[in-house]
Amino acid sequence: MEDFKLEGSAKTPEIELKSSGDLLIKGRSIPENSIEFYKPIIDWLDAYEESANANTVLMVQLEYFNTSSSKCILDVFKKLESLSGTEISVKWYYEEDDEDMLEAGEDYEAIIDLPFEMIEVEEI
Amino acid sequence: MTIDTFDLYKLMERDHVLLAFKGSVTSELLTSVFQIMEAKMEDLKDTPRTRRRVFNVLVECLQNLYHHIDDFEVIGSPEELTEKKSAIFSISRTDEYYMIVTGNFIYNDNVTEISKKIDHINSMSKDELKAFYKETLNNGLISKKGGGGLGLIDIARKSGEKLTYTTRPVNEQYSFFTLTVKILKK
């Protein structure tokens, strides 16, 4: 299983998906067409399931995301939720005074049946 | 009639306009506008909270324009199409608030739907908006652009104020729709 890496851009986040089970979405996610952007991530997770590591950790370190991304991010969580043979957890990062980002993480936590850890940081 | 440029300038100055645009809204244009506005807000020393909220609302408002301009069928003369696919927006900043105004053409058939949607959002409390957002996020519906109707709800949540809109009939086919969103500085 090959790792998947994508540099961040002005409108899209940095993505790092490792077969070791360390997954990262970092930066800003405000593309006009999010479905197209998130498709390779969903596809990678599909393939990952066959040889999934015992533990999978998704780190979400987002500064901004648009509503077009929010459904796609939910799809990533749902895909993770459906994976078998691996313990999955989510680390949701937010900047110290960013209540909106914390609340967004809590919204997902309420919908998705995965353990979430909310982590406050000075800067993302 | 020709617009007097100096009059236009004075009008924009009076209304504290930071940035205004009229024309066709492309992805590249939005990338530039977002960069300009982020840099401006940093220079103006607004709080991180205000900057984040304004940026969020700006992204949703302008991407709404970008997506909805696409709704028009490719019929009519090139001039007519350019007009229909054209939009206007402005961003103003006073001591108390930021204001984002957008204007675009919509089909007359869609006027009732959009008005109802905004009236519904405006009738909700903060907690009701949060619940409505979660429900819409999780309803499994995805529009072809991916948003699935979350944009206006998110704008209302981040603005914390009621949304103001107008619709003005242009001809038997389409109307001009304007949306005004205010974000109080905190």
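Sequences listed follow chains Z and L, in order.
Under the numbering used here, the residues of the first sequence are numbered 212 to 335, in order.
Under the numbering used here, the residues of the second sequence are numbered 4 to 189, in order.
Cβ coordinates follow ideal geometry from the N, Cα and C atoms, glycine included.
Since the structure is predicted, the reported quantities are computational estimates derived from the model, not experimental observations.
- Taking 8 Å as the upper bound on Cβ-Cβ separation, chain Z lies near no residue of the region 104-117 of chain L.
- In terms of Cα proximity to residue 295 of chain Z, the closest of Z/259, Z/308 and Z/314 is Z/259.
- Per DSSP, reduced to three states, the secondary structure at residue 114 of chain L is helical.
- Residues of the region 271-292 of chain Z with a C-beta atom less than 7 Å from some C-beta of chain L are 275, 277, 278, 279, 281, 282, 283 and 285, listed in chain order.
- In the three-state reduction of the DSSP assignment, residue 28 of chain L falls in the coil class, being assigned neither a helical nor a strand state.
- Listed along chain L, the residues sitting closer than 7 Å to residue 222 of chain Z by beta-carbon distance are 34.
- Straight through space, the alpha carbons of residue 11 of chain L and residue 172 of chain L are spaced by roughly 24 Å.
- Comparing alpha carbon positions, the residue from Z/227, Z/314, Z/248 and Z/263 closest to residue 297 of chain Z is Z/263.
- In terms of Cβ geometry, residue 300 of chain Z and residue 328 of chain Z form a close pair [threshold 8 Å].
- Note that the C-beta distance between residue 255 of chain Z and residue 273 of chain Z is not below 8 Å.
- Ranked by Cα distance from residue 245 of chain Z, the first of Z/283, Z/215 and Z/312 is Z/283.
- Using beta-carbon distances, residue 324 of chain Z does not count as an interface residue toward chain L, since no partner is under 8 Å.
- Unbroken beta strand (DSSP E) stretches of 3 residues or longer found wholly inside the region 146-184 of chain L: 167-172, given in chain order.
- For the region 223-251 of chain Z, the set of positions with a beta-carbon nearer than 8 Å to some beta-carbon of chain L reads 241, 243, 244, 245 and 246 in chain order.
- In the DSSP assignment, the residues bridged to residue 331 of chain Z are Z/305.
- Residue-level contact check: residue 254 of chain Z does not touch chain L, since none of the beta carbons of chain L fall below 8 Å from its beta carbon.
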